[in-house]
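Structure, as structure tokens:
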Amino acid sequence: GLNREEHINNVTDGILVQLPPILDLYKVRKRFESPSPTQTVLLQELERFNMLLEKMLESLTNLKRALNGEIGMSQELDELAASLFNGF
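If you're matching positions, the sequence shown starts at -9 in my numbering and goes up one per residue.
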């Protein structure tokens, strides 16, 4: 069986390969000459989605680095590791 760190590394890798790329909001905005209210809300939600993706990418990458001993394991990373290990 896998030890705790190997399991967390595998789960982290599985999540990272499924993350979509960060959206190019400049290109999306160019498609709307004069955005409607609905399109404006879409653009706002895409900005939020990009922030979420960036945070996930940063946290998961830092967790892998901490597990490899490259950086210190912060409380936030330790809690993320525990959640991934426990399947939450």
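No residue lacks a Cβ here, since even glycine has one placed at the ideal position from N, Cα and C.
{"Item": "Nearest-angstrom Cα separation, counted from E37 out to L67", "Value": "24 Å"}
{"Item": "Every unbroken beta strand (DSSP E) within the stretch 18 to 77, with a cutoff of 3 residues, ordered by chain", "Value": "none"}
{"Item": "Endpoints, the alpha helix (DSSP H) within which D14 is located", "Value": "No alpha helix (DSSP H) contains D14, which DSSP labels as neither H nor E."}
{"Item": "Cβ-based burial, A72 [other Cβ within 10 Å; buried from 16]", "Value": "exposed"}
{"Item": "E60 to S24 span [Cα, whole Å]", "Value": "47 Å"}
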